[in-house]
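For reference, the structure discussed in these notes is given below.
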Amino acid sequence: MERTNTLSIQQSRDSEFIREVEEESGQSVSKCYQCGNCMASCVYTFAYDYPVTQIMRLIQLGQRDSVLKSDAIWLCANCQACTTRCPNNIDVAQVMETLRIMSRKEHTVSQPDIQAFYDEFLRSVKTFGRVFETGLLPVYNFRAKKPFTDLDLAPRLLKKGKLTFFPAMVKKRQKIAEIFEVVKRDRFSKDGKTRPEAHSAKTDS
């Protein structure tokens, strides 16, 4: 009988994957012994294609494609419950964040809408020093190709003062923008693949 929903472990194994994840995250994923505390703590397990405990095991098995193309790493809310309850003191939430970064680098993001929100959220913080919701939401909705989503809520939110027409004036906004630039330079110096100025020209265009 043919088995479905299984992985060809040996054929798809990437022996360098666990080393890369551990190096990037600073966490000893190899110490995970599948106790299941992370999965039991996660409120979004019902929505994941792979529960957190399986994500950790798939990393150990070198299943790069299955992990980096999964929905789970993008649905994670980074609530830290898994990290708090790990008996081996593995920062599981940090591992999930690292997987998101790796997924973006390798262009394997399974949830483009979530990536679009990440991008626009960070752009808003870099520009204004904090999130400007009135600017964030319409731009995100446009990028996600659903421009009229929640449009009916805007008048009520404006009336209650939850949204403003102008961004708050944050002191020393340039300092916050400089943090982004430092992180970008550090990331590309580690990769050694692309000059920071080339990346900036690409993303700012």
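If you count the sequence shown from 1, position 202 lands on 201 in numbering that gives the first Met the number 0, and the numbers rise without skipping.
Glycine residues also receive a C-beta, built at the ideal position from the N, C-alpha and C atoms.
Below 7 angstroms CB to CB, which residues in the same chain sit around residue i once its five sequence neighbours on both sides are set aside?
i, result
"Gly61", "Arg12, Asp13, Ser14, Phe16, Ile17"
"Phe164", "Thr133"
"Ser123", "Val130, Phe131, Gly134, Leu135"
Excluding five sequence neighbours on each side, which residues of the same chain lie with their C-beta closer than 6 angstroms to the C-beta of residue i?
i, result
"Pro166", "Phe127, Phe131"
"Tyr43", "Leu74"
"Ile72", "Met95, Leu98, Arg99"
"Ala143", "Asp112, Ala115"
Sorted by chain position, which residues of the same chain lie with C-beta nearer than 8 angstroms to residue i's C-beta, five sequence neighbours on each side aside?
i, result
"Gly35", "Thr52"
"Arg56", "Cys31, Gln33"
"Pro146", "Pro137, Asn140"
Assign residue i to buried or exposed, taking buried as 16 or more other Cβ atoms, counted over all protein chains shown, within 10 Å of its Cβ.
i, result
"Ile58", "buried"
"Arg155", "exposed"
"Met168", "exposed"
"Ala46", "exposed"
"Gln9", "exposed"
"Ile100", "exposed"
| query | Counting pairs of Cβ atoms below 8 angstroms between the segment 75 to 89 and the segment 102 to 121, do you hit three or more? | reply | The answer is no - the segment 102 to 121 does not touch the segment 75 to 89, with fewer than three Cβ pairs under 8 angstroms.
| Does the count of Cβ pairs from the segment 82 to 98 and the segment 26 to 46 closer than 8 angstroms reach three? | Yes, the segment 82 to 98 is in contact with the segment 26 to 46.
| query | Can you list, in chain order, the stretches of the beta strand (DSSP E) that have 3 or more residues and sit fully within the segment 69 to 136? | reply | Counting whole runs of 3 or more residues, the segment 69 to 136 contains no beta strand (DSSP E) stretch at all.
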